[in-house]
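S.K.: Okay, handing you the structure first.
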Amino acid sequence: MAGPGNVWEDLRKQARQLENEIDLKLVSFSKLGTSYSSQGHVQDSRRAESSPLLGSTNSEHMFETMALEIEQLLVKLNEVNDKMAEYSQNGGIHTNNPSLMHTLQRHRDILQDYSLEFNKTKTNISAYRDREELLGSVRREIDNYHKGSSVQNRRTDLLLKEQEHTRSADRVADEAINIAMATKENLMGQKGMLGGITTKMNTLAKRFPVINNLFQKINLRKRRDSIILGTVIGVCVILLLLYAFR
Numbered sequence: 521m522a523g524p525g526n527v528w529e530d531l532r533k534q535a536r537q538l539e540n541e542i543d544l545k546l547v548s549f550s551k552l553g554t555s556y557s558s559q560g561h562v563q564d565s566r567r568a569e570s571s572p573l574l575g576s577t578n579s580e581h582m583f584e585t586m587a588l589e590i591e592q593l594l595v596k597l598n599e600v601n602d603k604m605a606e607y608s609q610n611g612g613i614h615t616n617n618p619s620l621m622h623t624l625q626r627h628r629d630i631l632q633d634y635s636l637e638f639n640k641t642k643t644n645i646s647a648y649r650d651r652e653e654l655l656g657s658v659r660r661e662i663d664n665y666h667k668g669s670s671v672q673n674r675r676t677d678l679l680l681k682e683q684e685h686t687r688s689a690d691r692v693a694d695e696a697i698n699i700a701m702a703t704k705e706n707l708m709g710q711k712g713m714l715g716g717i718t719t720k721m722n723t724l725a726k727r728f729p730v731i732n733n734l735f736q737k738i739n740l741r742k743r744r745d746s747i748i749l750g751t752v753i754g755v756c757v758i759l760l761l762l763y764a765f766r
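For the sequence shown, the positions run 521 to 766 when our numbering is used.
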């Protein structure tokens, strides 16, 4: 069975091993926080990124995994320190030994320093993440507003164009109606003029029978000429048909 001294040394060895692991993890965790901070400043200077700082799945997974691992190591280190204190209080070692008490206090101080550093880095990274998520949300809202305004402007332009086309069609229709009315008035005037001429001619014919007889002879001559011309054309057509079917 191992003696108190061996148990104490085993606990110290576990404590130092956990401290070394925590120290390495904290260095990597701190670099992760620094890279987030640098990336955030670059995005602010360029104003070109609309995604959150920790928007990628890999970054989120890395942050959560490293934080969980460090928390577990800190819990284990605290348990080892409690066991060392328990052995010290139960008389497993010489409690009056200043060197051992200093060693125990030193491990407690290291645990406290690591816990403070971890919480500080975790808080900073969480603050960067919340800040970038907020900025990303604001940027998305601004982009959506601009997109909505652009769509609204396009709709307004289309409505204005359609309204202008309607006005142009109304103007063309008005012009066509005006032309038709003018044409109707012109035709009515011509009809009245022709009616007046016809009335005058009938009046003249009644007053001057010779002129009326002349008009009748002219009409008879026209009818006779039309009959002769029709007869000639008919005979020619018959002769052509007879010649074609010989």
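Ideal Cβ positions, reconstructed from N, Cα and C, are used throughout, including at glycine. These numbers were taken from a predicted model, which means no experiment stands behind them.
Once DSSP output is grouped into helix, strand and coil, what is the label at residue 808?
M.R.: Residue numbering for the chain in the displayed model covers 521 to 766; residue 808 lies beyond these limits and cannot be assessed.
S.K.: What's the C-alpha gap between residue 734 and residue 743?
M.R.: Those two C-alpha atoms are separated by around 14 Å.
S.K.: With DSSP collapsed to three states, give me the class of residue 765.
M.R.: In this structure, residue 765 counts as coil in the three-state DSSP scheme.
S.K.: With 16 as the cutoff for other CB atoms within 10 Å, does residue 664 come out buried or exposed?
M.R.: Residue 664 is exposed by the Cβ-count criterion.
S.K.: Would the segment 532-549 and the segment 623-643 be scored as touching if the rule is three or more Cβ pairs under 8 Å?
M.R.: Contact holds: three or more Cβ-Cβ distances are below 8 Å.
S.K.: According to the Cβ coordinates, are residue 627 and residue 535 closer than 8 Å?
M.R.: Cβ atoms of residue 627 and residue 535: closer than 8 Å.
S.K.: Compare the C-alpha of residue 736 against each of 748, 722 and 672 and name the closest.
M.R.: Among 748, 722 and 672, the Cα nearest to that of residue 736 is on 722.
S.K.: Assuming contact is defined by CB atoms lying nearer than 8 Å, are residue 538 and residue 624 in contact in what I supplied?
M.R.: It is not a contact, given that the beta carbons lie outside the stated cut-off.
S.K.: Checking 8 Å against the spacing of the C-beta atoms, do residue 587 and residue 642 come in under that value?
M.R.: In this structure, residue 642 lies closer than 8 Å to residue 587 by Cβ.
S.K.: Would you tell me roughly how many angstroms separate the C-alpha atoms of residue 779 and residue 676, rounded to the nearest one?
M.R.: Limits of the chain in this structure are 521 at one end and 766 at the other, which puts residue 779 out of reach.
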